[in-house]
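Chemist: Residues are numbered in this note's numbering as their position in the sequence shown, beginning at 1, plus a constant of 139.
This is the structure I have questions about; it appears just below.
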Amino acid sequence: HDALVKPMPGNINTPSLAESWTMSRDGRTWEFVLRRGPRFHNGDPVTAEDVKFSFERYKGAAAPLLKERVREVEVVDPGRVRFHLKEPWPDFMTFYGTSASGAAWIVPKKYIEKVGEDGFRRAPVGAGPYRFVSFSAGVELVLEAVDGYWRKTPSVKRLVLRSIPDESTRAAALKRGEVDVVYFLNGPIAEDVRRTPGLTLNATRTNGVFWLMFPEQWTPGSPWADRRVRLAASLAIDRQAINEAESLGFSGPTGNIVPRHQEFALAIDPHPYDPKRAKALLAEAGYPNGFDGGELAPYPPYSGMGEAIANYLVAVGIKVRVRTMERAALLSAWRDRKIRSLFIGATGTAGNASTRIEPYATSKGTAAYGTLPEVETLFARQLQEMDRKKREELLHQIQRILADRVIFAPIWENGFIRAFGPRVEEAGLTLIPAFPYSAPLEDLRLKPSAR
140 HDALVKPMPG NINTPSLAES WTMSRDGRTW EFVLRRGPRF HNGDPVTAED
190 VKFSFERYKG AAAPLLKERV REVEVVDPGR VRFHLKEPWP DFMTFYGTSA
240 SGAAWIVPKK YIEKVGEDGF RRAPVGAGPY RFVSFSAGVE LVLEAVDGYW
290 RKTPSVKRLV LRSIPDESTR AAALKRGEVD VVYFLNGPIA EDVRRTPGLT
340 LNATRTNGVF WLMFPEQWTP GSPWADRRVR LAASLAIDRQ AINEAESLGF
390 SGPTGNIVPR HQEFALAIDP HPYDPKRAKA LLAEAGYPNG FDGGELAPYP
440 PYSGMGEAIA NYLVAVGIKV RVRTMERAAL LSAWRDRKIR SLFIGATGTA
490 GNASTRIEPY ATSKGTAAYG TLPEVETLFA RQLQEMDRKK REELLHQIQR
540 ILADRVIFAP IWENGFIRAF GPRVEEAGLT LIPAFPYSAP LEDLRLKPSA
590 R
């Protein structure tokens with residue numbers, strides 16, 4: 140598929156199927172001018188009707204927010220489309236034009252109306268650099284290059300995206316030359332790949348941030364309701380030691396759930412590793428001999444991080460037991476606020492400081508266990524603020540409050556580790572800043588000897 144606007148080399152919001160866009164003076168209308176020439180893989184031209192249809196069809200995580208704030212999508216003519224907002228919304232392009240939602244990806248209206256949703260799932264048609272060939276659920280997706288794609292014809296003529304859930308199996312497949320690029324490597328396995336001749340390992344700081352969640356801080360009488368206890372837990376963690384062991388030092392310890400490279404982020408240093416002060420704070424809070432902290436659920440598949448954090452907490456007197464959960468089960472329980480003990484939270488969603496804070500620290504947040512009145516007030520103000528400097532200061536205030544109150548114990552900005560084999564000339568792993576996977580796909584290249 141292709142999008143009106145998407146992250147590309149050099150820019151987060153890059154023209155793609157739209158060659159340009161403008162915002163009205165009152166901030167309520169966004170107009171997109173479509174690029175001339177792009178067609179879907181069945182030959183139909185990409186038009187404004189497809190843009191309107193794709194937005195109305197969108198059912199992703201950001202759908203409620205986008206549908207709530209967009210009053211109307213107007214087709215001006217086949218090459219122009221306008222989004223009319225109910226109120227000025229400074230984050231419209233953050234949600235619509237980046238990978239934060241995927242709402243700007245365009246599908247063919249006529250084709251879907253002809254074959255139906257089931258038919259589209261079986262034989263999808265898009266407008267991107269590769270067309271669909273076949274799909275085996277849980278096994279692989281096969282794509283072939285589209286000659287004449289508007290940006291460039293892909294160099295690699297056939298792509299096979301394989302699902303290999305087990306990390307050691309992925310690494311072994313790379314070593315044997317069965318695959319050319321792999322993702323999600325950690326710890327000893329990543330180190331083994333790095334030492335293997337012919338393989339290249341690298342990492343990027345993505346939008347991903349990991350942090351320790353304290354659900355019971357909102358429960359009166361719980362030890363976690365005391366800021367000193369939460370601070371003690373944070374001080375007990377040697378982030379850099381875990382970083383070296385689990386991500387080969389590629390991650391960046393932090394004191395903020397907003398990654399430094401996102402717009403409006405405030406750089407906050409992590410709490411230092413200070414077990415002596417952690418024990419003193421626990422004693423000051425009334426727990427000189429520590430207390431039973433219950434269970435701690437790691438964020439799959441990063442179980443090593445969770446186990447290390449649990450060991451550090453036990454060392455200062457906070458007795459916790461690691462409870463592993465399947466990724467889907469943890470995310471479901473988190474969304475339904477059913478996890479009452481400690482767990483590792485994480486997200487890699489693109490966006491800015493506002494879009495990162497909202498889900499986890501506001502009353503409308505889909506993953507927030509509680510909120511602070513002062514944060515609610517500041518957050519509502521910044522949502523309406525069109526002056527960038529004023530908005531930045533409001534968001535910086537929120538980030539300071541969350542850090543000062545130790546609402547979370549941020550661990551690190553994730554160093555997402557990938558590797559590729561000897562046939563690859565351009566793996567596309569460093570072309571788009573903070574993007575974890577190979578992209579743009581049309582820029583991938585094999586060495587001449589492997590073509």
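Just so it is clear, CB atoms sit at the ideal spot from N, CA and C, and this is done for glycine as well.
All values derive from a computational prediction rather than experimental measurement.
Please report the straight-line C-alpha distance between T161 and A329, rounded to a whole angstrom.
Modeler: Cα to Cα, the separation comes out at about 45 angstroms.
Chemist: Where does M444 fall in DSSP's three states?
Modeler: Of the three classes helix, strand and coil, the one that applies to M444 here is helix, per DSSP.
Chemist: Identify whether S275 lies in helix, strand or coil by the three-state DSSP scheme.
Modeler: S275: strand per DSSP, three-state reduction.
Chemist: Identify the continuous alpha helix (DSSP H) that holds W473 and give its terminal residues.
Modeler: Element bounds for W473: R466 to R474.
Chemist: Taking the alpha helix (DSSP H) that I381 falls in, what are its first and last residues?
Modeler: Unbroken alpha helix (DSSP H) run through I381: R378 to S386.
Chemist: Assuming F574 is part of the beta strand (DSSP E), what are its boundary residues?
Modeler: Careful: F574 lies outside any beta strand (DSSP E) and carries neither H nor E.
Chemist: Do you know offhand how far V475's Cα is from D183's?
Modeler: The question names Val, yet the displayed sequence has Asp at residue 475. Spanning the two alpha carbons is a distance of roughly 43 angstroms.
Chemist: Report yes if the CB atom of Y451 is closer than 8 angstroms to the CB atom of D365, and no otherwise.
Modeler: Not in contact: Y451 and D365 (Cβ atoms no closer than 8 angstroms).
Chemist: Under 8 angstroms: do the stretch 463-481 and the stretch 492-500 share three or more Cβ pairs, one atom per stretch?
Modeler: The stretch 463-481, when compared against the stretch 492-500, does not touch it at the 8 angstroms Cβ threshold.
Chemist: How would you label H140, buried or exposed, when you count the other beta carbons within 10 angstroms and need 16 or more for buried?
Modeler: Looking at its Cβ environment, which holds 16 or more other Cβ atoms inside 10 Å, H140 is buried.
Chemist: Indicate the three-state DSSP secondary structure (helix, strand or coil) for A239 in the structure shown.
Modeler: Looking at A239 - three-state DSSP - the assignment turns out to be coil, as it is neither helix nor strand.
Chemist: Tell whether a beta-carbon distance below 8 angstroms holds between S357 and P177.
Modeler: The question names Ser, but residue 357 is Trp in the sequence shown. Taking 8 angstroms as the Cβ cut-off, W357 and P177 do not qualify as a contacting pair.
Chemist: Can you check whether the CB of V348 is closer than 8 angstroms to the CB of N553?
Modeler: Yes, the Cβ-Cβ distance between N553 and V348 is below 8 angstroms.
Chemist: K279 and R261: beta carbons closer than 8 angstroms?
Modeler: Looking at the sequence shown, residue 279 is not Lys but Glu. Contact: no.
Chemist: What residues in its chain sit with their C-beta under 8 angstroms from that of P411, if we drop five residues either side in the sequence?
Modeler: Hits under 8 angstroms: L374.
Chemist: Roughly how many whole angstroms lie between the Cα atoms of P579 and T168?
Modeler: Straight-line Cα distance between these residues: approximately 30 angstroms.
Chemist: Which of the three DSSP states, helix, strand or coil, is assigned to G554?
Modeler: Residue state, collapsed to three classes: strand.
Chemist: Rounded to whole angstroms, what's the CA-CA distance from G360 to P414? Just pull it up for me.
Modeler: Each residue's alpha carbon lies about 24 angstroms from the other.
Chemist: Measuring CA to CA, which of P217, R495, G236 and E446 is closest to K145?
Modeler: Checked all of P217, R495, G236 and E446; the closest Cα to K145 is G236.
Chemist: State yes or no: is the C-beta of V299 within less than 8 angstroms of the C-beta of V281?
Modeler: Yes, the pair counts as a contact, with Cβ atoms nearer than the cut-off.
Chemist: Just to confirm, is the Cβ distance from H180 to V285 under 8 angstroms?
Modeler: Contact: yes.
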